[in-house]
Amino acid sequence: MHLELIISLSTEASLMGFRRFVARRGRCSTIYCDNGTNFVGAATLLHGLEWNKIIRLGAANAIDWKFNPPTAAWWGDCWERLIRIMKDLLKRVLGQAQLLYEEMLTILCDCEALMNYRHVTYVSESEQLVPISPSSHSYKISKNGVHRI
């Protein structure tokens, strides 16, 4: 899971957030998302790029955008459940607080770390159980949760 704080729901702000995502995590080949107008606008703009030229220059491959049907939110049940968990976590952390941009960004990063280090299952190799988390495949960090400074 990746959380990106953007200042508005405009296509331009979504694209800048997407560029930050790609810069940190790398370009993905498929993006699954709901049918929000900001995502649809970003996908339309990205589809309008000259991908052959970009590929020739060695920059990237085209991205396949897959949208939920507008009236079928249950199609994204896998990620919608993660969003619900994140919203509940943020409600517990924030309460009614009003934060500055930097404070909110920091809390989002902490919540993202908690979500990505949650144990999904265990792998049994020999007699020791090793917890598997979403971050097991993304990061080389073996600790769980938010790191103390």
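Each residue of the sequence shown is one higher than the one before, counting from 1 in the UniProt record's numbering.
For glycine and all other residues, C-beta sits at the position ideal for the given N, C-alpha and C.
For Asp64, the three-state secondary structure derived from DSSP is strand. DSSP places Cys109 in the uninterrupted alpha helix (DSSP H) bounded by Tyr101 to Asn116. A straight line joining the alpha-carbon of Cys111 with that of His2 spans about 10 Å.
Counting along the chain, the unbroken alpha helix (DSSP H) around Ile85 starts and ends at Asp77 to Leu94.
Contact check between the stretch 64-80 and the stretch 89-106: fewer than three CB pairs, one atom from each, fall below 8 Å, which does not count as touching. The shortest C-alpha to C-alpha distance from Ala43 to any of Arg27, Val93 and Ser14 is the one to Ser14.
A straight line joining the alpha-carbon of Ser8 with that of Cys109 spans about 18 Å. For Ile6, DSSP records no beta bridge to any residue. Judged by their CB atoms, Trp79 and Ile31 are not nearer to each other than the 7 Å cut-off.
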